[in-house]
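As given, the protein sequences belong to chains R and H, one line each in that order.
Oh and the first sequence: position 60 is 60 in my numbering, straight run, nothing missing.
If you want my numbering, it's the 1-based position in the second sequence plus 1000.
Reading through the structure tokens given below for one structure.
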Amino acid sequence: MLFYVFALLAIVSGAYMVLTRNLLYAGFSLLLTLLSVAAIYVLLFADFVAVTQLMVYVGGVLVLILFGIMLSSRVHDKSVMSENVNVGWGITIALLTLIGLGYTIWQAGFSSLPWLQQTDTDVLAGQKSTVQLIGIKLMTDFVLPFEIASLLLLIALMGAAYIATDKQKV
Amino acid sequence: MLAFLLTLMLLLGIVIVLAYAERKVAAFMQDRLGPTEAGPYGSLQSVLDVLKLLQKEDIVPAAADKKLFKLAPILIFAAVFAGFAVIPFTPELIPTGIGIGVFYLLAIISLDVVGLLMAGWGSNNKYAMLGAMRSVAQIVSYEIPAGLAILSVVMICQSLDFQEISYQQGILLNRFPGLEFEKNWLFGIEALGINTTNIGGITTWNIFRAPLLLVAFLIYFIASLAESNRAPFDIPEAESELVAGFHVEYSGFRFAVLFLAEYSMMVLVSLVAVILFLGSWNTPLPNLTTLKFADWTTGTVGALSGILWGGFWLLSKTFVLLFLQLQIRWTYPRLRVDQLMHLCWKVLTPIALGIVLLAGIWRLLMV
């Protein structure tokens, strides 16, 4: 029941974000979308993922987006509005993606998957949270992807710092 | 639902006392009298201020973005108040005991930032916009040293659960499910051979279990002043240049909510500092041979005495920190923007990174 409430909220706010012309309202409705997706994660017993979603996307990415919109809009004393371009191509690609995703989901046949029918609803099984398991997995099975991701972020950070510095010609 | 109402009532009470204390402390430090008329020693002043604000007209500026302007105070207060959900008040009393409370608190506070931007933009006012921008830049920057200081505590305690961290810092250690056979040693090091599990008191507080957390506590306290926009980090609401900061256009009820959110933030960061570093709801008095001070001042867990003692110690420690915040406001001049950023990025963050490394090494000595 709660799932449908949050799913509906996510879809409505997501649709508003795409359809509104005002960039700032789009940013704020993105907040609502991210919050409802975090709530859906909580309902799926993924507490760590939910809080990480809040931390990274709401606390980091969304604030950055809003800052960007606020600093760059009102260039000529009027708010920046998004405009419709590439209508035909956009609709075609969106429809094709929808068909592809729908076909994949249909082919997967969720309700007949064996592990889904056998699994227990008590996912946490006495554990208070998923943090310990995630930590152990990150340091053993997935240590290489984890380190590569951190390296990638470091490179992106250095690149951003390099682009942002004034290049003073002596 | 009950926890929601109780926490809200408690918070309102603390904020009203704090607003009164702020004026009295300010007056004392400037050799004035402060409020004297309303009630004995002016003690009803802040209650009457709140009543006055509630009666005032709710003005929405004509040029403001009305939807955002109206929504922003609610969002800001909701974000701060949601943080109280994971704060343990006594050994048995906690609104929601989720296992990743510390991480949740850090994340939910960042929602506050979005509300500030909304208020600044919605007001459609230069001062409000500048105030919100400064405030957000400051909060986002100072989250990093604060987060690193909290991380060092989490590494020492090996837990993200506020209640587990609280139990670790006192004589009730073995009462927590999962910690039955844990022992506390002086400074956390078993080789010293002094078992403090039953001594309790100040010797098991986190700043004593791992003395380097004292530095982490100082870093966290300075960063928390910046996060709640308190002097000396109050350039977001610098009266002499910005009039009042992001809430310059607000009046009446909405101003009261913003005011409440700001003071709630002060209370929240002080509570977190007390829980993580200063022994949470544990008594500061240790058991000394036959004088069982710690046992006497802890009460029985689950009974009324346990609740009263726990609440008393938690709130009195919090009020000490809040008093320190008030005192610092009237002691130090405001920092400039460049000094603010210098302090954050070139002083606090490197020290905090060093503390995180040392905390890892200390944890290896503790096991």
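Just so it is clear, CB atoms sit at the ideal spot from N, CA and C, and this is done for glycine as well.
Bear in mind that the values here come from a model prediction, so they are computed numbers and not experimental data.
Contact between H/Y1142 and H/E1262 is ruled out by a C-beta separation of about 16 Å, above the 8 Å threshold.
Relative to the Cα of H/G1279, the nearest Cα in the group H/L1365, H/K1317 and H/N1125 belongs to H/K1317. Contact of R/F48 with chain H by beta-carbon distance below 7 Å involves I1100.
Residue ranges of uninterrupted alpha helix (DSSP H) with 4 or more members, entirely inside the stretch 1199-1275 of chain H and ordered along the chain, are 1206-1209, 1213-1227 and 1239-1242. In terms of Cβ geometry, H/V1136 and R/V63 form a close pair [threshold 8 Å]. If you compare the alpha carbons of H/L1117, H/E1180 and H/I1194 with that of H/L1186, the shortest gap goes to H/I1194. With a contact defined as Cβ atoms closer than 8 Å, H/N1125 and H/E1241 miss out at about 14 Å. Chain H has a Cβ within less than 8 Å of the Cβ of R/V58. Looking at H/L1285, H/P1333, H/I1144 and H/V1140, the one whose alpha-carbon comes closest to that of H/A1231 is H/P1333. A check of alpha carbon separations from H/P1145 across H/G1115, H/W1313 and H/L1353 identifies H/L1353 as the nearest. Sorting H/H1247, H/Q1325, H/L1288 and H/T1300 by C-alpha distance to the C-alpha of H/L1271 places H/Q1325 at the top. Under a criterion of Cβ atoms nearer than 7 Å, the residues of chain R adjacent to H/A1107 are, in order, V51, L54, M55 and G59.
Listed in chain order, the positions of the stretch 16-34 of chain R with a beta carbon within less than 7 Å of a beta carbon of chain H are L24, F28 and L31.
Annotated three-state conformation of H/W1185 is strand, per DSSP. The alpha-carbon separation between R/A38 and H/L1111 amounts to approximately 13 Å. For H/A1303, same chain residues with a beta-carbon under 8 Å away, outside a window of 5 residues either side, do not exist. Ranked by Cα distance from H/L1054, the first of H/Y1104, H/S1251 and H/V1080 is H/S1251. Segment contact: the stretch 1103-1119 of chain H against the stretch 1056-1063 of chain H, fewer than three CB-CB distances shorter than 8 Å; contact not assigned. Scanning chain H for C-beta atoms nearer than 8 Å to the C-beta of R/V63 yields S1110, V1113, V1114, L1117, V1136 and V1140, reported in chain order. Ranking H/A1273, H/V1320 and H/I1171 by CA distance to the CA of H/T1300 puts H/I1171 first. A direct Cα-Cα distance of roughly 27 Å separates H/V1269 from R/Y41. Residue burial annotation: H/W1362 is buried, with at least 16 other C-beta atoms found within 10 angstroms of its C-beta. If you draw a 10 Å sphere on the C-beta of H/K1056, you find fewer than 16 other C-beta atoms in it, and that means exposed. Taking the Cα positions, R/M55 is about 12 Å away from H/G1147.
Taking CB atoms only, R/L66 has a neighbour in chain H less than 8 Å away.
Residue H/P1073 holds the alpha-carbon nearest to the alpha-carbon of H/L1260 among H/A1359, H/L1068, H/M1129 and H/P1073.
For H/Y1104, the chain R residues whose C-beta falls within less than 7 Å of its own C-beta are V51, listed in chain order.
According to the DSSP assignment, H/G1299 belongs to no alpha helix (DSSP H), since it is labelled neither H nor E. Listed in chain order, the non-local C-beta contacts of H/F1084 below 6 Å within the same chain comprise T1007, local neighbours out to five positions each way being set aside.
Put simply, the stretch 1153-1171 of chain H touches the stretch 1273-1290 of chain H. At least three CB pairs are less than 8 Å apart. Contact check for H/T1203 against H/P1286 passes: the beta carbons are separated by less than 8 Å. Taking 8 Å as the CB threshold, R/M70 lines the interface with chain H. When DSSP states are grouped into helix, strand and coil, H/K1292 belongs to the strand group. Close CB contacts of H/L1212 within its chain, under the 7 Å cut and outside five residues either way in sequence, are with I1355, L1358, A1359 and W1362 (chain order). Along the stretch 1140-1169 of chain H, the positions whose C-beta sits under 8 Å from a C-beta of chain R are V1140, E1143, L1160 and D1161, read in chain order. At a cut-off of 8 Å, the C-beta of H/W1345 has no neighbouring C-beta in chain R.
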